[in-house]
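Visitor: Submitted below is the structure of interest, expressed as structure tokens.
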Amino acid sequence: MTEASFTADNAPASPSAPTPAPASAKEEAVDTVRFLALLAIAVLIFRSFFLSPFNIPSESMQPRLLIGDYLLVNKMAYGYSKYSLPFSLPLIPGRVFARTPERGDVAVFKAPPSADNDYIKRVIGLPGDSVQVKDGIVLLNGTPLKRETMPDFVIPVTANMVEASRAMGTLPCYSMEFEEVAPDGQRQCRYKQYRETLPSGKSYAILDIAPIAEDNTPLVVVPEGHLFMMGDNRDRSADSRFPAMENQGIGLVPLENLVGKALVGMFSTDGSASWINPISWFTAARWSRIGDGF
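Residue numbers for the sequence shown follow this note's numbering, beginning at 18 and rising by one.
So, in structure tokens, the structure goes:
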């Protein structure tokens, strides 16, 4: 036996550390509740002040956005008001860190007159701008926005389109005039599509399906603290061309009603998924739309 092993073998035993008492079921429950509460607070703060999800329930922003798209909205883009908070809690007076959107931004906001519902539209007119629509052409500060014909917009008739049109008492393709049968035998809609360009050079696709009364509007001068918003689907959008009446139009949108700027598409589904069929969760997804930025 070596000296080292002798020393180790004969060293006095050190007192063992006391074994901690196992946590009681009550303590574990308290810890779990505390963790969940902190997690909920963290999520609430993140969604209120940084990024928040938003889903598209209507066709008002076609062709850019489709029913079943899920977006991330940048809550920091335009500053904060009470509408940035859940349930519009009146904890923020007016707007703080306020920034005015740019023309062409796709923005989420609380829709007048009640400010109860989230809407998403494109910013067309800023405070001080004059806006008028003549024969479907937008005149901004007296100058018609450039509009060029694009190839037709063709979209399959999906389950969520059928559901939305049924709720509105309409047809999925606006009318049978715009519905056709695709080569694979499926129903699809075909619409006239145009590229509209703002004075800044920013452009985007719009739909102008059929003549409607709102293809001609009075001249409106956007007052201070307001925005003129329009949907890209000009025939299926209750926007600033319509007076602010519940479920009919939004009128001019106060800047303090802004919630955030559309940032990126994070998911999209055609509405055909079934909870009892996990495979359909994947076949219903429109993977090519994920990651689309604004």
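The C-beta atom is built at its ideal place from N, Cα and C for all residues, glycine as well.
(1) Output the distance between the C-alpha atoms of residue 243 and residue 269, rounded to the nearest integer angstrom.
(2) DSSP on residue 87, reduced to helix/strand/coil?
(3) According to DSSP, is residue 69 helix, strand or coil?
(4) Taking 7 angstroms as the cut-off, does the CB of residue 227 come closer than this to any heavy atom belonging to the ligand SAH?
(5) For residue 59, write down the residues that DSSP places opposite it in a beta bridge.
(6) Using CA atoms only, rank isn't needed, just tell me which of 67, 61, 55 and 46 is closest to residue 278.
(7) Between the beta-carbon of residue 248 and the beta-carbon of residue 77, is there less than 8 angstroms?
(8) Taking only runs that begin and end inside the region 177-255, name each unbroken beta strand (DSSP E) of 3 or more residues, in chain order.
(9) Assuming residue 295 is part of the alpha helix (DSSP H), what are its boundary residues?
(10) With a cut-off of 8 angstroms on the beta carbons, I'd call residue 246 and residue 139 a contact; round off their distance for me.
(11) Within 10 Å of its beta-carbon, does residue 235 have 16 or more other beta-carbons around it, so buried, or fewer, so exposed?
(12) Could you name the residues that DSSP lists as bridge partners for residue 161?
(13) Just checking my contact of residue 189 with residue 198 at CB under 8 angstroms: how many whole Å lie between their CB atoms?
(14) Which stretch, first to last residue, makes up the beta strand (DSSP E) that contains residue 283?
(15) Can you grab the Cα-Cα spacing for the pair residue 175 / residue 211, in whole Å?
(16) For residue 272, which of 159, 126, 79 and 300 has the nearest alpha-carbon?
(17) Around the C-beta of residue 118, are 16 or more other C-beta atoms found within 10 angstroms, so that it is buried, or is it exposed?
(18) Which residue's Cα is closest to the Cα of residue 220: 104, 141 and 253?
(19) What three-state label does DSSP hand residue 74 in the structure shown?
(20) Name the two residues that bound the continuous beta strand (DSSP E) containing residue 124.
(21) For residue 303, which three-state DSSP category applies?
(22) Please classify residue 129: is it buried, with 16 or more other beta-carbons within 10 angstroms of its beta-carbon, or exposed?
(23) Using C-beta distances below 7 angstroms, list every residue in its chain close to residue 215, excluding the 5 sequence neighbours before and after it, in chain order.
(24) How do the region 148-158 and the region 227-234 stand: do at least 3 beta-carbon pairs fall below 8 angstroms, yes or no?
(25) Could you tell me the boundaries of the beta strand (DSSP E) in which residue 113 lies?
(26) Use the C-beta contact count for residue 213: other C-beta atoms within 10 angstroms, 16 or more gives buried, fewer gives exposed.
(27) Grab the span of the beta strand (DSSP E) containing residue 149 for me, first residue to last.
(28) Between the C-alpha atoms of residue 159 and residue 103, what's the straight-line distance to the nearest angstrom?
(29) Taking the beta strand (DSSP E) that residue 142 falls in, what are its first and last residues?
(30) Mind the definition here: the region 248-257 touches the region 69-88 only if three or more C-beta pairs lie below 8 angstroms; say whether that holds.
(31) For residue 297, which residues of its own chain have a beta-carbon under 6 angstroms away from its beta-carbon, when the five flanking residues on both sides are left out?
(32) Taking Cβ positions only, does residue 89 come closer than 8 angstroms to chain C?
Guide: In this structure, then:
(1) To locate residue 243, count along the sequence shown from 1; it is residue 226. To locate residue 269, count along the sequence shown from 1; it is residue 252. Counting only the Cα atoms, residue 269 lies some 6 angstroms from residue 243.
(2) Reading the sequence shown from its first residue, position 70 is the one you call residue 87. The three-state secondary structure of residue 87, taken from DSSP, is strand.
(3) Taking the first residue of the sequence shown as position 1, residue 69 is located at position 52. If DSSP states are grouped into helix, strand and coil, residue 69 belongs with the strands.
(4) No copy of the ligand SAH occurs in the structure displayed, which carries no ligand at all.
(5) The sequence position of residue 59 within the sequence shown is 42, counting from 1. Answer by DSSP bridge pairing: none, since residue 59 is not bridged.
(6) Taking the sequence shown and counting its residues from 1, the one referred to as residue 278 is at position 261. The candidate whose alpha carbon is nearest that of residue 278 is 67.
(7) Taking the first residue of the sequence shown as 1, we reach residue 248 at position 231. Taking the first residue of the sequence shown as 1, we reach residue 77 at position 60. For residue 248 and residue 77, yes; Cβs fall inside 8 angstroms.
(8) As summarised for the region 177-255, the continuous beta strand (DSSP E) elements at least 3 residues long and confined to that stretch are 196-198, 204-214, 220-224 and 243-247, given in chain order.
(9) Here residue 295 refers to the residue found at position 278 when the sequence shown is read from its first residue. Per DSSP, residue 295 belongs to the alpha helix (DSSP H) from 295-300.
(10) Within the sequence shown, the letter at position 229 stands for residue 246. Within the sequence shown, the letter at position 122 stands for residue 139. The beta-carbon separation of residue 246 and residue 139, rounded to 7 angstroms, stays under the 8 angstroms limit for a contact.
(11) Indexing the sequence shown from 1 puts residue 235 at position 218. Exposed, by the Cβ-count rule.
(12) Taking the sequence shown and counting its residues from 1, the one referred to as residue 161 is at position 144. Looking at the DSSP assignment, residue 161 forms a beta bridge with 156.
(13) Here residue 189 refers to the residue found at position 172 of the sequence shown. Here residue 198 refers to the residue found at position 181 of the sequence shown. 13 angstroms between Cβ atoms; not a contact.
(14) Locating residue 283 in the sequence shown gives position 266, counting from the first residue. Judged by DSSP secondary structure, residue 283 falls within the beta strand (DSSP E) whose first and last residues are 275-285.
(15) Numbered from 1 along the sequence shown, position 158 holds the residue referred to as residue 175. Numbered from 1 along the sequence shown, position 194 holds the residue referred to as residue 211. So the two alpha carbons sit approximately 23 angstroms from each other.
(16) As a working mapping, residue 272 is identified with position 255 in the sequence shown. Among 159, 126, 79 and 300, the Cα nearest to that of residue 272 belongs to 126.
(17) Locating residue 118 in the sequence shown gives position 101, where the first residue counts as 1. That one is buried.
(18) Taking the sequence shown and counting its residues from 1, the one referred to as residue 220 is at position 203. The option with the nearest alpha carbon to residue 220 is 141.
(19) Counting from 1 along the sequence shown, the entry for residue 74 is found at position 57. Coil at residue 74, not helix or strand.
(20) For this step, residue 124 is matched to residue 107 along the sequence shown. Per DSSP, residue 124 belongs to the beta strand (DSSP E) from 123-127.
(21) Taking the sequence shown and counting its residues from 1, the one referred to as residue 303 is at position 286. Correct three-state label for residue 303: coil.
(22) Numbered from its first residue, the sequence shown carries residue 129 at position 112. Classification for residue 129: buried.
(23) Locating residue 215 in the sequence shown gives position 198, counting from the first residue. Excluding positions up to five away in sequence, the list reads 120, 121 and 162.
(24) Of all C-beta pairs linking the region 148-158 to the region 227-234, three or more are shorter than 8 angstroms, placing the two stretches in contact.
(25) By 1-based counting over the sequence shown, the position of residue 113 is 96. From DSSP, residue 113 is part of no beta strand (DSSP E); its letter is neither H nor E.
(26) On the sequence shown, residue 213 is found 196 positions in, with the first residue counted as 1. The residue is buried, with at least 16 neighbouring Cβ atoms inside 10 Å.
(27) On the sequence shown, position 132 is the one that residue 149 refers to. 147-151 is the extent of the beta strand (DSSP E) around residue 149.
(28) Mapped onto the sequence shown, residue 159 falls at position 142. Mapped onto the sequence shown, residue 103 falls at position 86. Taking the CA atoms as reference points, residue 159 sits about 40 angstroms from residue 103.
(29) Position 125 of the sequence shown holds residue 142. In the DSSP assignment, residue 142 falls within the unbroken beta strand (DSSP E) covering 135-142.
(30) The region 248-257 is in contact with the region 69-88.
(31) For the purposes of this step, residue 297 is taken as residue 280 along the sequence shown, with counting starting at 1. Excluding sequence neighbours, residue 297 sits near 290 and 291.
(32) Annotation note: the requested chain C is absent from the structure, which comprises a single protein chain.
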